[in-house]
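I have placed the structure first, in the form of structure tokens, so that the comments after it can refer back to it.
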Amino acid sequence: MENEMTATTKNDHQTTAYYEDNETFGQRSFLYTVHCRYHDFPLHFHREEEIYFVRKGSAHIYINGDTFHAEKGDIVAVMPGQIHGYRKEPGTVLAFVRIDVNMQNACLDLSRIRLAAPHVTPQNKHYNELKTLFENIFKEDLQKQIGYLYMIRSYTDQLAALLLRAVPYHELTEEEADKHNKNMHMLHTVDRYLSKHYREKISLQQVADQCAMSKCYFSRCFHALTGQCFVHYLNDYRTKKAQELMINSDKSITEIAYESGFSNPRALQRNFIERFGLPPANYRKHLLQLKP
Numbered sequence: 695m696e697n698e699m700t701a702t703t704k705n706d707h708q709t710t711a712y713y714e715d716n717e718t719f720g721q722r723s724f725l726y727t728v729h730c731r732y733h734d735f736p737l738h739f740h741r742e743e744e745i746y747f748v749r750k751g752s753a754h755i756y757i758n759g760d761t762f763h764a765e766k767g768d769i770v771a772v773m774p775g776q777i778h779g780y781r782k783e784p785g786t787v788l789a790f791v792r793i794d795v796n797m798q799n800a801c802l803d804l805s806r807i808r809l810a811a812p813h814v815t816p817q818n819k820h821y822n823e824l825k826t827l828f829e830n831i832f833k834e835d836l837q838k839q840i841g842y843l844y845m846i847r848s849y850t851d852q853l854a855a856l857l858l859r860a861v862p863y864h865e866l867t868e869e870e871a872d873k874h875n876k877n878m879h880m881l882h883t884v885d886r887y888l889s890k891h892y893r894e895k896i897s898l899q900q901v902a903d904q905c906a907m908s909k910c911y912f913s914r915c916f917h918a919l920t921g922q923c924f925v926h927y928l929n930d931y932r933t934k935k936a937q938e939l940m941i942n943s944d945k946s947i948t949e950i951a952y953e954s955g956f957s958n959p960r961a962l963q964r965n966f967i968e969r970f971g972l973p974p975a976n977y978r979k980h981l982l983q984l985k986p
């Protein structure tokens, strides 16, 4: 599963107030990240809480196998360690705040909290308060006046706490937490292996061996956790790499196909159309039109 990678264009906004210095989530210097994305993002996971706000359009947000259709103004929360991703309708702007729960000094361990209803709509009695907190966070992040980091920390603390008042939740038992940690270890193992070898030919058996599992057992576990078969996820992973190269380089589509691990440009085109709805060449033209 893909640890957070960010590919931005002129029309993507991202403010990151912490850093990750290695594959296993190294020391972080601050508390939050503020993003505004215009691109889809494949399944991934991390140890932070992530709270989405649809500023424009609509999106399908996937969390641990469940799909939530979020319209403009809706809020969707992802708790630490949950596998998630999203696909957006054209023109959609999806903003989100990521909160490092390890630095919250909270009385409640948010890494063990699971929301029963992570999709918050305007009908929720706490919705207006949550929306106001989001607006305050983005205002502080945009203006960056003196002390803005302290203000954002205050608002993110309130946002995390208010969500627990807005929706029902339960806390993982020791047994559930242990199972979750084992699953995360397996997915981290897959992630590390793919990050080093995605350009090469990869078999299901190779990845299963890395996890010390039989091929059949690994396949069942992976599908149960992600809702995808491994081959589908691998193609999605490579397609995301190709997208990043299109955004950040002038390489040809053929070069990008091979550099992303596809066997030929046709394989890239097939997977790209499936994920983004248009061929790579058309996608690149669209990116060029967005640039000033």
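Whatever position you read off the sequence shown (first residue = 1), add 694 for this note's numbering.
Note that beta-carbon positions come from the ideal geometry of N, C-alpha and C, so glycine has one too.
Around Val-772, the same chain offers Glu-744, Ile-757 and His-778 as residues with beta carbons nearer than 6 Å, after the five sequence neighbours per side are excluded.
Within the region 867-947, the runs of alpha helix (DSSP H) at least 4 residues long that lie entirely inside it are, in chain order, 868-891, 898-904, 909-920 and 924-942. For Asn-958, the closest alpha carbon among the candidates Tyr-780, Asp-803 and Ile-947 is that of Ile-947.
Shown here, Lys-825 sits in a helix according to DSSP, grouped into three states.
Here Cys-915 is not near Met-878, since their CB atoms are 8 Å or more apart. DSSP places Ile-846 inside the alpha helix (DSSP H), whose first and last residues are 842-860. Secondary structure note for Ala-961: its alpha helix (DSSP H) is the uninterrupted segment 959-970.
Minimum Cα-Cα distance from Tyr-780 among the listed residues Leu-802, His-754 and Ile-769 corresponds to His-754.
Three or more beta-carbon pairs separated by less than 8 Å link the region 922-939 to the region 887-906, which places the two stretches in contact. Distance between Tyr-842 and Val-791, taken at the CA atoms: about 15 Å. A distance below 8 Å separates the beta carbons of Asp-734 and Arg-969. The criterion of a C-beta distance shorter than 8 Å is not satisfied by Phe-739 and Pro-812.
Judged by DSSP secondary structure, Gly-779 falls within the beta strand (DSSP E) whose first and last residues are 778-782.
For Val-748 and Leu-824, the gap between their C-alpha atoms comes out near 13 Å. As the crow flies, the alpha-carbon of Glu-742 is around 17 Å from that of Ile-769. For Asp-760, the enclosing beta strand (DSSP E) stretches over residues 760-765. Here Pro-812 carries a coil assignment [DSSP, helix/strand/coil]. Sequence-distant partners of His-874 (beyond 5 residues in either direction) whose C-beta falls short of 8 Å from its own C-beta, in its chain, are Gly-775 and Leu-866.
Check the Cα spacing between Arg-893 and each of Ala-936, Asp-851, Ala-871 and Thr-786: the tightest is with Ala-936. Rounded to whole angstroms, the gap between the alpha carbons of Ile-807 and Glu-938 is 33 Å. The DSSP-derived three-state label of Ser-805 is helix. A distance below 7 Å between beta-carbons, with the five flanking residues on each side excluded, links Ala-975 to the following residues of its chain, in chain order: Ile-947. Exclusion of the five residues before and after Ile-840 leaves no residue of its chain whose Cβ lies closer than 6 Å to its Cβ. Gly-767 and Thr-850 have their alpha carbons spaced roughly 18 Å apart. Between Cys-905 and Thr-920, the C-beta spacing is not below 8 Å. Rounded to the nearest angstrom, the gap between the Cα atoms of Ser-913 and Ala-902 is 8 Å. In this chain, the beta strand (DSSP E) harbouring Ser-752 covers 752-757.
Annotation for Arg-792: the continuous beta strand (DSSP E) segment containing it runs 787-793. Within the DSSP secondary-structure output, Ala-771 pairs in a beta bridge with Ile-745.
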